[in-house]
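Shown next, in structure tokens, is the structure this report addresses.
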Amino acid sequence: MSDAGRGFNVVAGEIRKLSQDTQRSVKDILQTLREMQQSIMELTQSIEQMAAATQQQAASAQEISASVNALETVAAELKKQADDLIG
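Once you know that position 30 of the sequence shown is 14 in this note's numbering, the rest is easy, because the numbers rise by one and skip nothing.
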């Protein structure tokens, strides 16, 4: 084989190795992207669950506030009636 033929074989071998390395890298990148996508989906679900819990807590807080306001109204009315009785 001539020097040119050997040189071509060396270059072809390096190109083949580079191609294989590139394929492995692409597979690794795709796996990493899949894992990231899964993590993002899980994070999104967690955020949605936290948002729902927060909304529920806000609704409960509003109910408590309304109950406290109602108690204040009743207490004020009872005080007025007691004051009227005392005279």
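Built from N, CA and C at the ideal position, the CB exists for glycine as well. Since the model is a prediction, treat every value here as computed from it, not as a measurement.
Going straight from the alpha carbon of residue i to that of residue j, what length do you get?
i          : j           : result
residue 6  : residue 17  : 16 Å
residue 20 : residue 14  : 10 Å
residue -4 : residue -15 : 15 Å
residue 59 : residue 71  : 18 Å
residue 36 : residue 28  : 12 Å
residue 45 : residue 55  : 15 Å
residue 68 : residue 43  : 38 Å
Can you give me the start and stop residues for the alpha helix (DSSP H) that residue i sits inside?
i          : result
residue 44 : -13 to 70
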